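Chemist: Using UniProt numbering, the first residue of the sequence shown is number 1, and each one after it goes up by one. Where is the CB? At the ideal position from N, CA and C, for every residue including glycine. Predicted, not measured: the structure shown is a model, and the values here were computed from it. One structure coming up, written as structure tokens, with questions to follow.
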Amino acid sequence: MTDSSSGQIDHVLIEDRLFPPPAEFSQQAVFSSQAQYESMYRRAAEQPEEFWRSEALEHLHWFEPFDEVCRWDPPHAEWFVHGKTNASYNCLDRHIDAGRGDRTAIIWEGEPGDERTLSYAELRSEVSKCAAGLKQLGISAGDVVSIYMPMTPELAIAMLACARIGAVHSVIFAGFSAESIADRNNDAGAKLVITADGLYRRGKVLPLKETVDEALAKSPTVEHCLVLRRVGNDDVSMTQPRDVWWHDVVDTQSDDFPAVPMDSEASLFILYTSGSTGKPKGIRHTTAGYNLWAKRTFEWVFDHREDDIFWCTADCGWITGHSYIVYGPLSAGATCLMYEGAPNFPAEDRFWELVEKYKVTILYTAPTAIRAFIKWGDEHVDKHDLSSLRLLGSVGEGINPEAWMWYHKKIGNERCPIVDTWWQTETGGIMMSPLPGITATKPGSCTRPLPGVVPVIVDETGNAVDDQHGGMLCISKPWPGMLRGIWGDEDRFVQQYWSTVPGKYLTGDNARKDSDGYYWIMGRIDDVINVSGHRLSTIEVESALCSHEAVCEAAVVGRPDELKGQAIAAFVTIRDREPDEALRQELLLHVRKQIGALAQPDDLRFTSTLPKTRSGKIMRRLLRDIASGNEVAGDTSTLEDLTVLAKLRDDEG
Ligand code: 6R9
Numbered sequence: 001m002t003d004s005s006s007g008q009i010d011h012v013l014i015e016d017r018l019f020p021p022p023a024e025f026s027q028q029a030v031f032s033s034q035a036q037y038e039s040m041y042r043r044a045a046e047q048p049e050e051f052w053r054s055e056a057l058e059h060l061h062w063f064e065p066f067d068e069v070c071r072w073d074p075p076h077a078e079w080f081v082h083g084k085t086n087a088s089y090n091c092l093d094r095h096i097d098a099g100r101g102d103r104t105a106i107i108w109e110g111e112p113g114d115e116r117t118l119s120y121a122e123l124r125s126e127v128s129k130c131a132a133g134l135k136q137l138g139i140s141a142g143d144v145v146s147i148y149m150p151m152t153p154e155l156a157i158a159m160l161a162c163a164r165i166g167a168v169h170s171v172i173f174a175g176f177s178a179e180s181i182a183d184r185n186n187d188a189g190a191k192l193v194i195t196a197d198g199l200y201r202r203g204k205v206l207p208l209k210e211t212v213d214e215a216l217a218k219s220p221t222v223e224h225c226l227v228l229r230r231v232g233n234d235d236v237s238m239t240q241p242r243d244v245w246w247h248d249v250v251d252t253q254s255d256d257f258p259a260v261p262m263d264s265e266a267s268l269f270i271l272y273t274s275g276s277t278g279k280p281k282g283i284r285h286t287t288a289g290y291n292l293w294a295k296r297t298f299e300w301v302f303d304h305r306e307d308d309i310f311w312c313t314a315d316c317g318w319i320t321g322h323s324y325i326v327y328g329p330l331s332a333g334a335t336c337l338m339y340e341g342a343p344n345f346p347a348e349d350r351f352w353e354l355v356e357k358y359k360v361t362i363l364y365t366a367p368t369a370i371r372a373f374i375k376w377g378d379e380h381v382d383k384h385d386l387s388s389l390r391l392l393g394s395v396g397e398g399i400n401p402e403a404w405m406w407y408h409k410k411i412g413n414e415r416c417p418i419v420d421t422w423w424q425t426e427t428g429g430i431m432m433s434p435l436p437g438i439t440a441t442k443p444g445s446c447t448r449p450l451p452g453v454v455p456v457i458v459d460e461t462g463n464a465v466d467d468q469h470g471g472m473l474c475i476s477k478p479w480p481g482m483l484r485g486i487w488g489d490e491d492r493f494v495q496q497y498w499s500t501v502p503g504k505y506l507t508g509d510n511a512r513k514d515s516d517g518y519y520w521i522m523g524r525i526d527d528v529i530n531v532s533g534h535r536l537s538t539i540e541v542e543s544a545l546c547s548h549e550a551v552c553e554a555a556v557v558g559r560p561d562e563l564k565g566q567a568i569a570a571f572v573t574i575r576d577r578e579p580d581e582a583l584r585q586e587l588l589l590h591v592r593k594q595i596g597a598l599a600q601p602d603d604l605r606f607t608s609t610l611p612k613t614r615s616g617k618i619m620r621r622l623l624r625d626i627a628s629g630n631e632v633a634g635d636t637s638t639l640e641d642l643t644v645l646a647k648l649r650d651d652e653g
């Protein structure tokens, strides 16, 4: 351990397992030698203009060429200045122009088991009709359209239709409340909301339109609501002339609507992320830079090949769905599986049934799902043939090494590389990840930065820390996919991301670089625990707990302590065993053995659930309040299951 007075984070967890890529994978990979990566990384860092000029010319369609690659006036970047392109053109027309319109773009399965397949040509027809429908509803370039829809092809179609006419989409995850929708509509000044008559979730129908109606009562800027018939709920109330049906306005249009040439820096979308307190931030991404970043990171990290069936299990309501269901894979001409429903409906093997049925080759999912699969038991996996899989990905949270090992053994059959991809809504696409053909992976590390990403880890004074020490992760150079702002809030943009270390992008995460140059994300800056002057990362203590076979999930937080400054409180869910005092003692001892007495939790509570965001991230902020015996403060609108807090209090009793 090190002296923590400079604000560095102590690193206590040792992980020395190493998994080189299988030879048969490397031989055919996009990146097949370390030298290829090194030279590309160097070119991107040393001659960014030249590097990105040729990337942009090769990988995007240009209606009008750009005259400058990057104009960087910190914290403002413009990429491919004065060029004109269109993200929907890059996702659709480009492939059709190249004679590949018959290729399958989207294979979709609904929760009840209905199926649809759309070729690139068919998808363009649908997108064109929707674009024409939007025009008819008075939407033009620059207008904001909120999309609150189930995971149907029409959700992707609506996004691409906005892009086609230059409207700015703001996708709102279809689990948010009326209040949250209204907040987002009002913040963005949305003119149109696209929704559906309902959404299937675990066999039930959720009344989406009702929720939207409630939101629209408080959304004065919205002029129209476009409603897709998904569940056949004809009882939905349609307020004339505001509300119109998709089948009346979209299906009747011509299927030939040309993409509008858009400025490189025209806003493509806004996506709201929860701040820890206060109102959500509308992260703004623009056209060319984002599109290029989504495409290239998809191709690099997922080693995309012609015959792949790529399945990203995220919802389009999150950035992962934007970049790796829609813009990345479609720009790359990939075939994607899109699934509407829950992973445990009708049974806990639904994902594995889908992998087997559609012969999925690349699976991209989140640690929260992996932990749920572990909890549900291996028998659900064992029922299915997963031999089509060749590559696995993880995103959203740090993946605890034991969950990584389960994913590697049980899903990957020890032959599929795992790409643990670190990135954020703000970064537009993946920033750090193994390249599956060349990177030897270490469970729990997102390994190294992609070409164009220049990370630096700093202490509280903004000075770079030495390797092996944890500190705040910043990005020192602009990259094409970076956010361009927070919608309508320039001050917050500057203050939140660019003020702590002037001129560098502050990610809000802590990280450590090891002696091989691999990065280890150590959790959010706000979650660091300070025990007797030692600053500990939540994830390391959690991973130590998770390495005990009885533990399924763990969350640790600091609570005030008179002697030590902070004490460690752990919340643990377990499997295959009844929790009791003996197990509690066993777990405490286990942590002590794994990472030392200093990191041993002072409190350890068993719980049946942990509070999570709607995208499945553990909300440590709420646990901090509970551990300290305080009322839960701050915004809880992103909490997935509001009953969790009550349950945690009950567990306490
Ligand atoms: C893509 C996405 C971003 C935050 C990020 C970090 C956490 C995401 C991670 C990871 C460790 C990974 N995070 N991927 N932490 N390892 N591979 O999730 O975007 O919803 O904006 O969240 O998620 O804390 O800062 P977003």
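Using only alpha-carbon positions, find the residue among V249, R415, G428 that is nearest to V326.
Modeler: Selected option, being the one with the closest Cα: G428.
Chemist: Helix, strand or coil, according to DSSP, for W311 in the structure here?
Modeler: Three-state result, W311: strand.
Chemist: What residues are listed by DSSP as bridge partners for residue 664?
Modeler: For the chain, the structure presents residues 1 to 653; residue 664 sits outside this window and is missing.
Chemist: Buried or exposed: where does Y98 fall if 16 or more other Cβ atoms within 10 Å of its Cβ makes it buried?
Modeler: Just to set this straight, residue 98 is Ala in the shown sequence, not Tyr. The residue in question, A98, is exposed, as its Cβ has fewer than 16 Cβ neighbours within 10 Å.
Chemist: When burial is assigned at 16 or more other CB atoms within 10 Å of the CB, is A570 buried or exposed?
Modeler: Flag for A570 reads buried.
Chemist: Can you list, in chain order, the stretches of the beta strand (DSSP E) that have 3 or more residues and sit fully within the stretch 118 to 201?
Modeler: Fully enclosed beta strand (DSSP E) runs of 3 or longer: 144 to 147, 168 to 171, 192 to 196, 199 to 201.
Chemist: With DSSP as the reference, please indicate the residues paired to D97 in a beta bridge.
Modeler: Answer by DSSP bridge pairing: none, since D97 is not bridged.
Chemist: With DSSP as the reference, label W406 as helix, strand or coil.
Modeler: Looking at W406 - three-state DSSP - the assignment turns out to be helix.
Chemist: Please state whether the Cβ-Cβ distance between I9 and M522 is less than 8 Å.
Modeler: Cβ distance < 8 Å, so I9 and M522 count as in contact.
Chemist: Using 10 angstroms around the beta-carbon of A161, count the other beta-carbons present and answer buried if the total reaches 16, otherwise exposed.
Modeler: So A161 ends up on the buried side.
Chemist: If we count Cβ pairs, one from each stretch, closer than 8 Å, do we get three or more for the stretch 292 to 311 versus the stretch 418 to 433?
Modeler: Yes, they touch.
Chemist: Within the same chain, show all residues whose beta-carbon is closer than 6 Å to that of L622, passing over the 5 residues directly before and after it, in chain order.
Modeler: Within the same chain, L622 has close Cβ partners P611, V632.
Chemist: Give me the Cβ distance between W487 and I270, rounded to the nearest whole Å; I'm assuming they're in contact under 8 Å.
Modeler: Their Cβ separation, rounded to whole angstroms, is 5 Å, which keeps W487 and I270 in contact under 8 Å.
Chemist: Considering only the alpha carbon of each residue, which of K410, K281, G138, E402 lies closest to R17?
Modeler: That would be E402, whose Cα lies nearest to the Cα of R17.
Chemist: Does the contact criterion of 3 or more C-beta pairs under 8 Å hold for the stretch 278 to 296 versus the stretch 413 to 420?
Modeler: Too few Cβ pairs lie closer than 8 Å, so no.
Chemist: For a test of your reading of the model: does the CB of S537 fall under 7 Å from any non-hydrogen atom of ligand 1? Yes or no.
Modeler: Because no heavy atom of ligand 1 lies under 7 Å away, the Cβ of S537 does not count as near it: no.
Chemist: Per DSSP, which one or two residues make a beta bridge with N204?
Modeler: Checking the sequence, you will find Lys at residue 204 rather than Asn. Answer is R201, bridged to K204.
Chemist: Spatial neighbours of M1 within its chain, please: CB distance less than 6 Å, with the 5 preceding and 5 following residues excluded, ordered by chain position.
Modeler: Unreliable positioning characterises M1 in this predicted model, as indicated by a pLDDT of 42, which lies under 50. A coordinate reading is not provided.
Chemist: Which runs of the beta strand (DSSP E) fall wholly inside the stretch 443 to 504 and span at least 3 residues, in chain order?
Modeler: Correct list: 455 to 458, 470 to 475.
Chemist: Relative to the C-alpha of I399, which residue among H380, G437, T441, D378 is closest?
Modeler: Closest by alpha carbon: T441.
Chemist: With DSSP run on the structure shown, which of helix, strand or coil describes L337?
Modeler: Reduced to three states, the DSSP call for L337 is strand.
Chemist: Give me, in chain order, the residues of the same chain whose beta-carbon lies closer than 8 Å to that of I438; leave out the 5 immediate sequence neighbours on both sides.
Modeler: If we look at I438 and ignore the five residues flanking it on each side, its Cβ neighbours are P21, S26, A29, F31, S32, S33, Q34, Q36, Y37.
Chemist: Following the continuous beta strand (DSSP E) through G282, name the residue where it begins and the one where it ends.
Modeler: 281 to 286 is the extent of the beta strand (DSSP E) around G282.
Chemist: Please report the residue range of the alpha helix (DSSP H) in which W352 lies.
Modeler: Counting along the chain, the alpha helix (DSSP H) containing W352 begins and ends at 350 to 358.
Chemist: Between W422 and ligand 1, is the CB less than 7 Å from at least one heavy atom?
Modeler: Yes, ligand 1 has a heavy atom inside 7 Å of this Cβ.
Chemist: Tell me which residues share the same chain as S4 and place their Cβ nearer than 7 Å to its Cβ, disregarding the 5 neighbours each side in the sequence.
Modeler: Any reading at S4 needs caution, since the residue's pLDDT is 45, under 50, leaving its predicted position unreliable; the model's value is listed next. Closer than 7 Å at Cβ, skipping near neighbours: D10, G533, H534, R535.
Chemist: By the three-class DSSP mapping on this structure, what secondary structure does I9 have?
Modeler: Correct three-state label for I9: strand.
Chemist: Compute the distance between the beta-carbons of V193 and V168, then report whether it is under 8 Å.
Modeler: No, the Cβ-Cβ distance between V193 and V168 is not below 8 Å.
Chemist: Within the present structure, is the beta-carbon of I181 separated from the nearest heavy atom of ligand 1 by less than 7 Å?
Modeler: Incorrect: I181 has no Cβ contact closer than 7 Å to ligand 1.
Chemist: Let me confirm a value: F51 is counted as buried when at least 16 other C-beta atoms fall within 10 Å, else exposed. Which label applies?
Modeler: So F51 counts as buried.
Chemist: Would you report the Cα separation of C225 and V454, rounded to the nearest angstrom?
Modeler: Their Cα atoms are separated by approximately 43 Å.
Chemist: Is K617 near ligand 1, judged by its Cβ being under 7 Å from some heavy atom?
Modeler: Correct: K617 has its Cβ closer than 7 Å to ligand 1.
Chemist: Please list, in chain order, all residues of the same chain as R492 whose beta carbon is under 7 Å from its beta carbon, the five residues on each side excluded.
Modeler: So the list reads K281, I486, once near-sequence residues are dropped.
Chemist: To the nearest angstrom, how far is it from the Cα of P153 to the Cα of W62?
Modeler: For P153 and W62, the distance between alpha carbons rounds to 27 Å.
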